[in-house]
Each structure stands twice: as C-alpha cells, then as structure tokens.
Amino acid sequence: MPIKTVKEAINDALVQSFENDKNVILMGEDIAGGKGREQYQGTQDAWGGPFGVTQGLFTKFGAERVRDTTIAEAGFFGAAVGAAMTGLRPIVELMYVDFAGVCFDQMMNQAAKVRYMFGGKQKVPMVVRTVVGAGFRAGSEHSQTLYSLYTHIPGLKVVAPYDAYDAKGLLLASIQDDDPVIFMEHKRLYMTKCEVPDDLKPIPLGKGKIRKSGNDITIIAIQRMNLFAEEAAKKLAEDSINCEIIDPRTYSPLDEELIFESVKKTGKVIVVDESNPKCSLASEITSLISEKCFSDLKSPVAKITAPHTPVPFSPPMEDYYIPSAEKIINVAKNF
Amino acid sequence: MPIKTVKEAINDALVQSFENDKNVILMGEDIAGGKGREQYQGTQDAWGGPFGVTQGLFTKFGAERVRDTTIAEAGFFGAAVGAAMTGLRPIVELMYVDFAGVCFDQMMNQAAKVRYMFGGKQKVPMVVRTVVGAGFRAGSEHSQTLYSLYTHIPGLKVVAPYDAYDAKGLLLASIQDDDPVIFMEHKRLYMTKCEVPDDLKPIPLGKGKIRKSGNDITIIAIQRMNLFAEEAAKKLAEDSINCEIIDPRTYSPLDEELIFESVKKTGKVIVVDESNPKCSLASEITSLISEKCFSDLKSPVAKITAPHTPVPFSPPMEDYYIPSAEKIINVAKNF
Amino acid sequence: MDKKKLNWIYKKLFTIRFFEERIKKIAKEKTVPGYLHTCIGSEAICVGVMAALNNDDWISSTYRNHGHAIAKDCDLKKITSEIYGRKTGICKGRGGSMHISDFDRGMLGSFGIVAAGPPVVLGAALQEKINNGKKMSVSFFGDGAIHNGAFHEAAGLAQLWNIPMLFVCENNGYAEATATDWHLNTKELSDISKAYDMKSYQGNGNDVFEVYKITNEAIIESKNNEIPIFLEFKNYRFSGQYEGDTQLYQPKEEIEEAKNNDPIKLAIENSINHGLNADKLEEIKNIALNEVNEAFKYAETQPWPDPEDALKEVYVSYPKENI
Amino acid sequence: MDKKKLNWIYKKLFTIRFFEERIKKIAKEKTVPGYLHTCIGSEAICVGVMAALNNDDWISSTYRNHGHAIAKDCDLKKITSEIYGRKTGICKGRGGSMHISDFDRGMLGSFGIVAAGPPVVLGAALQEKINNGKKMSVSFFGDGAIHNGAFHEAAGLAQLWNIPMLFVCENNGYAEATATDWHLNTKELSDISKAYDMKSYQGNGNDVFEVYKITNEAIIESKNNEIPIFLEFKNYRFSGQYEGDTQLYQPKEEIEEAKNNDPIKLAIENSINHGLNADKLEEIKNIALNEVNEAFKYAETQPWPDPEDALKEVYVSYPKENI
Ligand SMILES: Cc1ncc(C[n+]2csc(CCOP(=O)(O)OP(=O)(O)O)c2C)c(N)n1
Ligand SMILES: Cc1ncc(C[n+]2csc(CCOP(=O)(O)OP(=O)(O)O)c2C)c(N)n1
Ligand SMILES: [Mg+2]
Ligand SMILES: [Mg+2]
C-alpha cells in the first residue's frame, strides 16, 4: 500500500474531490502563486499556499475553480457561504487558524445559522481548511489551535485528523458533507507518513478511533497529542500500565459513546489538548466524562493542556508550553 | 440608599470614570445619535446606543471623548488597542456580542497578546462593553452570549455582572484595570433594580459572590441565570432543600476557591449557563470541579445549558432554549 | 412598460406601505414579539429593483427586509406568520422579522450583521459565473454598511474577478441614529466605488420608475461586460431604526420636507403618465390592502411552534443526542 | 541635509542590508528557529521614513520588521538576540523575528496579522490628538494589506476624524507569492485612498532621499491640516516571502532588472552628490558591518530563557494559579 505524508494525502483528497464533483472549487491566498506575471510561463502554481498543500491544483483544474484570492478572508469566506448555498461545494483556506478572528462572523453567523434561522431550506456544504498548532517556532500569531472556538458554535462541524489515512478519509467526507466543516490540519503533522490506500473511502464524521487498546488508562488525545500519547503509552507499557488511546478525530459531533465505553473499562482518564485550558475541548470532554461516567471514575479526569498564555516563540518556552509524553507519563504514574 | 437599574448603574459608573480620569474615552456606534445634523439643536445625544446606556455622555463630555463611530468595529477596536497602549483608557461598545466575529482578531491577537509577545513593556487598559443574552425575541444574530469565546483567550479578562450593584462596582474596576476587559451586559437585566450606594467602590475582578448561602446544593449561575437560581432556590426551600447560589461574576480570572469551598460543603452542584453547551463556561466550571473536588462530589455535576442550536426567535422555542427555574428544580430534586 | 408589470409595480408599492403601516400599528399594540424594522420610504427601491429582476434571481437583504421579501413575491401570509413567530411562518418561526427569507424565491437571506450580505451574494454570483448560470445577483444594504470591511472585501473581489452582480446601496439618510453625511468622507456616497474602479450609478430612490430603469440598464451592462456595478439610491427613512425608536434625532422639518418626495405619493402622481387611471389605481390599492388584511388575519390565528422545534434543522446531518 | 542625519541614513541603510544578508546566511544554516522574513530591497523605505520621524514617534510594523526596528534605533544586539530566541532578546524571546518590537522606541508592535497595524496606529494617533501630543503616528504595511477590511475601516475613520497619521504602503511587487498587479483593481495602488478622499502621494521606494523628502512634507501637511495621508512607495522584494521560499514565481529577468534600482546601489551612487566621499562611505560601511557582526556574536552566546518564563507577563495582574 502506498505510504503518504499528511500533505500528500490532503492533496490526493482534493484532487479526487475535484475530479469527482465539478461543483468543488477552492479559494485561498497564494494557491496560484506566480500566476501574477502571465507573460512568464512555468512560474505559476509555484506555491500552493505556504505549505504547498494545494500545489498542482491550479494547473490541473484552472483559475476558474482554483481561485487565488486577495487577503480578504471576510470577503471570500462570505463568498463561500453564498456559493455553497447556491450549489457549489467550496473549499476555502484560512492560511493559519490564528486569522480566524478576521472572518469569524461569516462562519459563526452566516455559515452556521442560515439553515436554522431561515427555516431549513438551505444547506451550506463548505469546507474551511486551516492550519493549526504550536511547535513550529512560529510565535503567538501563527501557532494557535482554537479548536474550541469553532466547536462552541452550533451549525459548524469540526474535524482534526492526526495521520495521513484519517486526513484523506476525513477530508473526502468533509467535502461531501452538506454542512459547513472546519477541517484543521496540524502544521507539525504535515510531513508524517503512513499507509493510505488509493481507493480509501470517506471516513464518516463523528466517529472516533481507538488508536491503541488497553485496559488501565484511557488517554484521549487531540490531534497532534496522539503522538505524545503513543510515546507515553510505550513507556508506560514497560511498567505494565496498559493505555487505551482514543483519537476523537471530530469534535463536533463528538463520538461520546466511544469515549464513555473506554472510560467504563479503565476508570482512569487523561485528556491531552494542545490548546489553552479555559473552555477548551479538554474541558468539554472532561465535563462530559465526569457527568456520564461518574461512578466509573476511579480518580478525577486529568487534563493536560497548554497554560493560559499565548504561544511563546523561544524553543525552551514553547516546548514547555506544549503538552508532552513526560507530562502524560507523570500523570499516569500518579493515578 | 438609592435604587438603580443596571442601566443607570452602568451610566453612573461611566460618568464617574469620565470625571475621575481624563484618559477615559468612549467609542461606539450611535452614542451621539442625532448629532449628524449640527444645525438642529436638541436632537443630539438622543440615543446613547440602542439601549440608551450611554445617554448624556456626549453632552457632558463632548465629541472628543465620546466618539461616534462608523460601523467599523475592526477599525475602532484596533484604535482602542493603540489608544490604550499609548495612554488612554478607551471603552468601546460592541453593540451586540453577536457582532464579535467582525472584530475578534483585534481582541484575540492584538489586545490580548501585545503585552506578552512584545516582552511585557506594554499594557492595554481597554474595556469592551457589550450586550449579551437571549429572551428578548431578538433572533439568532442578536441573542448570543459567547462568554466562552473570550474566556478561552489568554490575555483577556471577562466580566459579567448580574445586578446593578455589581454592574457599577465591576465596571468601575474594569475601567481602572490595566488589562483588556470584556464587560458583558445582559439585555434582559438592564431594567432590573437594586440598591447601589453612590460612593460604591470598585469591586475587584476575580472575586465571586455568594448570593445565597446554603448547605445542600451549590448552584453556580452565570449572569442572568442567577434569576432562575434564586427562583429555584425559593421553591426548593419549601422542600427543605437549602441551596447555595454562587455568582462567579468574572470568568477570567475565575474565583475557583469560592466555588470549591462551596462544593466541599454541599457535594452537589448545578451549573447553569445560558450559552450553547460545547466548550462553554459550564463545561469549564464542571471540569474544574470534577478535577479539584472529586472526592467531595456526591453525584456528578449537573450542567444546565441551552441546547447546541442557534437562538430561535419564536417565544415558545426561545423559552425552551433558555434554562429555567423548573429545569434547575427538576435536577435538584433528582440528586 | 407592459400593463402586467405596471400593475405589479403599483400593487407591490401599496402592499409594502400598507403592510408596514400595519406593522407599526401592531408594534404599538405590542401584539408581536421582538424587534421590528419597517421600511416606509423604501418602497420604490424594493419594487423598482425587483421589477428588473427575474423571479429566481438572487438577493440578500438585511433586518429591514419586509419590503424586499414582499417585492420578491414571497408569500405574504407566511411572512406575516413569521413576524408573529408562528409555526407556519416563512422560516418556521425560527427567524422572526429580522431574518425573513425564502430560498425558493431566490432570497439568500436577511442578515442581521451589517455588511454580511455583500460577500454572500458575491458567492452566489460566482456560482452563476462558474456554472454559466443566468441568474442575476443583487445585494441590498444601507448607507451605514459602506464603512464596514466586509463590504470592501466583497467589492474588491467582485471587481477583481469580473463578477456580474449589483451592489445596491439604499442611502436613506440614516444608519440607526446617525445621519449619513455625519460619517461620509466623500462628496457622494457612491464615490466609495472608486477604490475599486467599479462602475457606479446614482438614482432617485423615491422614483420607482427611475430605480427600475437604472437597475434594468445596470443588469444588462453588468451581464454583458461581466462586471459588478454599484448603485446608490437616495431616499428617506420615515420609520425609526426600529419600531419604538423615538426618532428625536430626525428633525421635524426634515421629515416634513421628505414627505414631498414620498415614493408612494410620487408613484400615484406619476400613475396617469403611465396609463393607469384613478379607478384602476383604486382597484389595485384595494387588492393590496385586502391582501395585507388577510395576511394579518391569517398570522394571528396560526399555531405556535412546538418548543422542541427549536432543536430541528441545525444541521443537515448530526446525531440527535448531541444537539 | 545636515551631516549627522546624512551619516545616520547611510549607516542605517548598510546596517539593514548587512543584517538581512546575515539573516539569510543563518537561515540557510538553520541556526535559528522559526520563520524569517527579510527586507532586502526595502532599506530606503525603512530609513527614509524613519529619518523624517522623531525618535519617539509611533510606528507599527509587520512580520517583515527587521528594517523598521533597525531604522527606529532599536538595540541591534537585542533584536538579534530576539531572533535567536534568547532571554536577552528585545521581547525576552517571546516574540521572535515576526514580532520584534520596542515600545520604548515608539514601536507599537510588529503584527503578524495582515492589516492589523493600521487600526492600532489610528488609536495611537487619536490619543495624540486628544492629548494634544506632538508625536507622529505611522503605520507600515504592504501592497497585500490594502484589500483587507481592517485597512479600510482604519482609513475611513482616520479621514472622518481628521487624524494626523501616515498610512505607508510598501508596494514591493508581491504579497507572498502573488504579484501586486494580479490583485489590483485600480491603475495605481494609491487610488484606493480615493474611497476616503484621502490625500495620497507616490514615491520611488528605492531612493532614500525621495522617501525622506516625501515623508517629511507629508508629516508637515498631515499635522498642519490635521489629516491622514496615504503614501505609496514602490520598490522590489528581492527576498522571498520568507527565507526558504523558492521564489520560483519571481521571474529571473524581473529580479535582474530590479537590481538596477537596488536602493543600496542607488544610495551609493548618490553619495557624492550629498557630499559624502568614498572614504567616509567606506568608514560608515565598516562601522555598520562591525555592529552587525557584534550583534550576532552577542546573540549566539546569550542564555536561553527559562521554560517557565512562558508563564510571565500575560496580564498586568492575574492570579498566578489561574495561568
Ligand atoms: C457589524 C454590525 N455592527 C453594528 C450593527 C448594529 N446596527 C444594526 S442596523 C445599523 C445601522 C445600519 O444602517 P444602514 O446600513 O444605513 O441601514 P438602514 O437601517 O438605514 O437600512 C447598525 C449599526 C450590526 N447589525 N452589525
Ligand atoms: C489576515 C491575514 N491573512 C493572511 C496572512 C498570511 N500572509 C502573511 S504575509 C502575506 C502577504 C502580505 O503581503 P504584503 O502586504 O504585500 O506585505 P509584504 O510581505 O510584501 O511586505 C499573507 C497573505 C496574514 N498574515 N494575515
Ligand atoms: Mg441607512
Ligand atoms: Mg508586498
């Protein structure tokens, strides 16, 4: 089976979706980089966005469907809403999720609410692809995750794949989905690899995944945190602590059943989230477990999150900011 | 002692702050309503914003300090950040918190982060006054609370008073505070009254309030939910269930101690939040309690929130959407 | 102009005026819940623009949407029922007066957020362009919206991408309590379009025939040249920002003067020139009034939604237990 | 021009160029963490504008801020230390290259969000106006920022409120990988200011003396008439968007041609006319190079921050246990 990076898997899913459905279009900044000077051949499509994820699409599918935008997120996010309502399946790029604040209104008040408040006649099948995450030495304004901002808003779906397999399967599903989906790609995962079948089917939104089964402790890991969860689980296995790792994969809707079942089995839970702690996914999942698995819990759910600070630039501070395998191990050993 | 509405108390706090500190200014839409036609006397200052909260300020303090803005929230919120950094104490109005999405970037990335990411030399003493809340038959785009959006962001403080006394004291403190504060006023509370001393001192941010003491159940009520908590507590008293009601009043920072002490005493908790449930304040508080008071809890913390839907317009649906005294009573009785 | 269209125009003008007057009445009586924004003084713009559109063309509106919805031929009874918050409302009672919208009539939505509409309409127009569709796309917004970034971003992209669409700005003299000229930097509001080299036209928003003519021509030009066009129609906001607004900031003299240009008055005065005699006019008026009365009668007696309807149609698909 | 200023200008030009060339080198060697945006080709704009400013005037910058910080006389060692992520960095290592900023030098901030700066500078300028302050306020941004709503909202308010300030647009031909003219609706970029009837001037951004002259005159006009002014300086972005960018989209011929107008080359050619002889020029160059070398030597040996420093200075006051 072919081995792919997350980046390639996403590109594959995009190409496949473009080929299968002529209503799929893409809008974003610098996705047609270089096309500015038409007189120079061979320079277009040089970028595909800053991470090169969409490279090749402009050449393959043309300027009509692969639309290079100005730095006007409120404008083209709104356009995606209108295009989605009238029949297209637009994908829009928010280059970094840190820019969420310049176009949050179109997601929160239009994309999320038109179906509901206008009486159910409309649907908004759009996907926001965006890049999240710390650990890139990218500073306070290019490193946030902000999962919870979108998860809080009814009407939006939130998806955050960990590996290339899930990235492809979930993106295919997101593009086919009839609701607005925020699809979050972690910049530190782009180059990670795994096997991805060419004929991979869409993975239904709202279904979590047990990345490792175990009986002693449930680790619920948000996106990149699966990396640390796996590391920790390996180390803990040496001490005969057998962890179950759950990747919820989608945060709205959340696969509560999968989580609760695991907690019933283990009675001990660690939730690991790279976000700031207050009103985070970690808080949400913790509160759900505390409510629904009250008598199953042997000790309080442990939350491991970033502190309540912006993301610092300097490596020692940023490394301290991000949850780690060590932190998970420490908590696990103290249960 | 004078009896004041929340509206009057806020106006008082504004006037007092303007008088005490010449660096205090106000920016917002329609706060100088009518001034547009200078040739007509007596028509200016007719509005004071849609709820009339700032009425009189324009006449008292003039156009220089009471700035009528265009509908350009990203522009004047950013201006508030710059003005605050350079010595003023700007207050800006976000007419309804539902418009948060058009100017969230300036709060999340500038107001909240400049101090931290630029090395601690700067401070941003600004206050965002905004109107929140359902129950006004104002539909999906004028009824949200969005407490958790701001609470999630490190660098911001979040304040939400329930009564006129707290509104005045907390607003005085917010304006004197050296950090950016989101001050949330609930539209359904504006006309409620209580005693407010003329010489009320600022109430420190980060201190909750026990609105009623009791031993059996702790009800933690977010802003307007205190109304229902009190109603419920009265009814429950008839059944000899003695509730303690805690109003955290500020959500960032949160008075965790006060909450934990109460939970230690009662072992039973209901958190009531008018917001949508996911990644809400209710989830945050629930997760904190579940972690820190694990062995004190006799049953799982009960969350009472709105459903995961936009706010519907029609009264029967909106009433169903909003938590109620009945819902609190039902939960309490089933503990 | 053909007779049918002429009759349609007059009927719509009267319907909107009668409707809004009735709304003002029930607002005073507090018969209906929530905010009510009426559009008395905007009838010629609503009707003139819509007369130039096909039934299935796309529009967006704002919280001040009654006139647009009526002129877009949305069901009057269902509009009214929506304002009353009833189950049979055009949005099933979930929207209310501010969000009246009927997708089946090309109404993309009535947005409560100032300047949220132009980007959305840009998207509909983009879709038409990509699919070689024939529908025109029109965004209605007020003089206050031109200061907002979302308008600018939509305008810039529309021009850049050669998107046929109309930006229709109703300059009614006020944004809430603030007079238009209090906030205007340029001599004319439509000068804002210079930032994008966008074609623009101004017209008398009180003259339904002028509005119709300008819009008609603009649509042809926009489609033929594949360009967006900015239209500014000047009129006067006789109503307050919302019902209950004291309007203290609107000088009496100003209101009186504006009455000379009341769009309904002008239309009546013009009717003879267009070959509509007094009897016919009276007949149309009566039909309009009757329909309005019927709509309110209908709405008043409609059932309330079930409380649990609040939980429906948030998503196309989502696990029920997670709502 | 007095000698001191002249020397200052040349020294800053050289310092910035040497600094950025060194940054390019360490970027290749991967000596420093994170994104690095260099400003080779922007030296004349950075230095020309700052030469017209007082030391304590307010500016905002972007992620492409090294030149602005150096021209604003921020401590070179601390700038470098910041880029290296060290404890003695100008932002204590919390900002990094993208956020270099020194409030004590009037640098309000280097913002990573495109067009976030103009509104913030508007606020500083508003403060000066209200307090009858004397400081000028200048927002630097790129050609890409003019499409963003935040720029438009700030520009509109500045004009409306008669705020003396400068909107300085560096039109360096590219916004990331996208050529300026690919996105421009108007013939000239500065035409965007027409939307606000805002005064605007264009200048050759490669000629430090022209930039200085235009800025100087604009400051006087802006202060005297209490108006904002929009300045467009054209130059060329020799660097990629960030270090590591392949720049495939920048045609070779274009780069070669631009070299004829390299701001440093032009300044050297012009030096004689300004009464600076070759020896003096060489001396200044050496001092500049030396300072850059010292700064990097300093930075390389600085201590790392303590990990727990991550928890500091989020707020002025906040309970520690809640962080
Ligand atoms: C982003 C945003 N800011 C503020 C408001 C509050 N608001 C509602 S209507 C209005 C005035 C709009 O005036 P105009 O565009 O002229 O439309 P009109 O009401 O005259 O039709 C304002 C400020 C809003 N709805 N959205
Ligand atoms: C709101 C926002 N959208 C997108 C980006 C990503 N981005 C960073 S720089 C840039 C291009 C800016 O170009 P320009 O304004 O010309 O400045 P230059 O880099 O040429 O100095 C973009 C799109 C951003 N930082 N902020
Ligand atoms: Mg108006
Ligand atoms: Mg540029």
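Protein chains in written order, with the numbering used here: chain U, 969 to 1303; chain F, 969 to 1303; chain X, 18 to 340; chain W, 18 to 340.
Note that beta-carbon positions come from the ideal geometry of N, C-alpha and C, so glycine has one too.
Computed from a prediction, not measured in an experiment: that's the story for all the values here.
Could you tell me which chain U residues have their CB closer than 7 Å to the CB of glycine 129 of chain W, listed as they occur along the chain? Gly1107, Glu1109, His1110
Just mark methionine 1094 of chain F as buried or exposed, buried being the case when its beta carbon has 16 or more other beta carbons within 10 Å. buried
List in chain order: all unbroken alpha helix (DSSP H) runs of 4+ residues lying wholly within the stretch 1221-1293 of chain U. 1224-1234, 1249-1260, 1283-1289
Euclidean distance between Cα positions of asparagine 242 of chain W and proline 181 of chain W: 8 Å
Just how far apart, CA to CA, sit isoleucine 1290 of chain U and threonine 1277 of chain U? 11 Å
Give the range of the beta strand (DSSP E) segment to which serine 59 of chain X is assigned. No beta strand (DSSP E) contains serine 59 of chain X, which DSSP labels as neither H nor E.
Just to confirm before moving on: does the CB-CB distance between tyrosine 101 of chain W and glutamate 325 of chain W stay below 8 Å? no
First and last residue of the uninterrupted alpha helix (DSSP H) at valine 1082 of chain F: 1082-1085
Taking 7 Å as the cut-off, is the CB of glycine 159 of chain W close to at least one heavy atom of ligand 4? yes
Does the structure place the stretch 1228-1247 of chain F close enough to the stretch 1178-1192 of chain F that three or more beta carbon pairs sit under 8 Å? yes
Looking only at its own chain, which residues have a Cβ that is under 8 Å from the Cβ of cysteine 1247 of chain U, when we skip the five neighbours before and after it? Ser1116, His1120
Glutamate 1212 of chain F in three-state terms, based on DSSP: strand
On the DSSP bridge assignment, give the partners of glutamate 193 of chain W in chain order. In the DSSP output, where bridge partners are listed per residue, glutamate 193 of chain W has none listed.
Restricting to Cα atoms, I'd like to know which of U:Ile1257, U:Asp1241, U:Pro1268 is closest to alanine 1293 of chain U. U:Asp1241
Would you say the beta carbon of glutamate 271 of chain W comes nearer than 7 Å to a heavy atom of ligand 6? The model depicted lacks ligand 6 and carries ligand 1, ligand 2, ligand 3 and ligand 4 instead.
Min CB distance glutamate 325 of chain X to chain C below 8 Å: In the displayed structure, chain C is absent; the protein chains listed are U, F, X and W.
Which class does glycine 126 of chain X belong to by DSSP, given the choice of helix, strand or coil? strand
Whole beta strand (DSSP E) runs in the stretch 71-124 of chain W with 3 or more residues, listed along the chain? 75-79
List in chain order: all unbroken alpha helix (DSSP H) runs of 4+ residues lying wholly within the stretch 124-186 of chain X. 134-147, 166-177
Measuring straight from C-alpha to C-alpha, what distance separates aspartate 214 of chain X and threonine 203 of chain W? 6 Å
Interface partners of serine 1116 of chain U on chain W, CB under 7 Å: Ordered by position in chain W, no residue passes the 7 Å Cβ test against serine 1116 of chain U, which lies about 17 Å from the chain.
Should tyrosine 259 of chain W be counted as a contact of ligand 4 given a C-beta to heavy atom distance under 7 Å? no
In terms of residues, what are the limits of the beta strand (DSSP E) holding aspartate 1036 of chain U? 1034-1036
Need the endpoints of the alpha helix (DSSP H) that proline 1058 of chain U sits in, please. Where proline 1058 of chain U is concerned, there is no enclosing alpha helix (DSSP H), although the beta strand (DSSP E) it sits in stretches over 1057-1062.
If you compare alpha carbons, which of F:Ile993, F:Gly1101, F:Tyr1084, F:Ile1039 is closest to alanine 1048 of chain F? F:Ile993
Using the three-state DSSP reduction, which class does histidine 1154 of chain F fall into: helix, strand or coil? strand
Chain F within 8 Å of glutamate 1229 of chain U, Cβ atoms only: no
So if DSSP puts lysine 1180 of chain F in a beta bridge, which residue, or which two residues, is it bridged to? F:Ile1213
For glutamate 38 of chain X, which of helix, strand or coil comes out of DSSP? helix
In or out: lysine 276 of chain X buried (at least 16 other Cβ within 10 Å) or exposed? exposed
Chain-ordered neighbours of arginine 1083 of chain F on chain W, where CB pairs are closer than 9 Å: Glu330, Val331, Tyr332, Val333
C-beta contact flag for methionine 1076 of chain U and glycine 110 of chain W at 8 Å: no
Within the continuous alpha helix (DSSP H) that includes threonine 232 of chain W, where are the two ends? 225-242
Take lysine 251 of chain X as the anchor and find which of X:Ala295, X:Gly190, X:Ser127 has the nearest alpha-carbon. X:Gly190
Measure how close the beta-carbons of isoleucine 1171 of chain U and aspartate 1134 of chain U come, nearest whole angstrom, since I'm counting them as under 8 Å. 6 Å
Whole angstroms are fine: how far does the CA of valine 1092 of chain U sit from the CA of glutamate 187 of chain W? 38 Å
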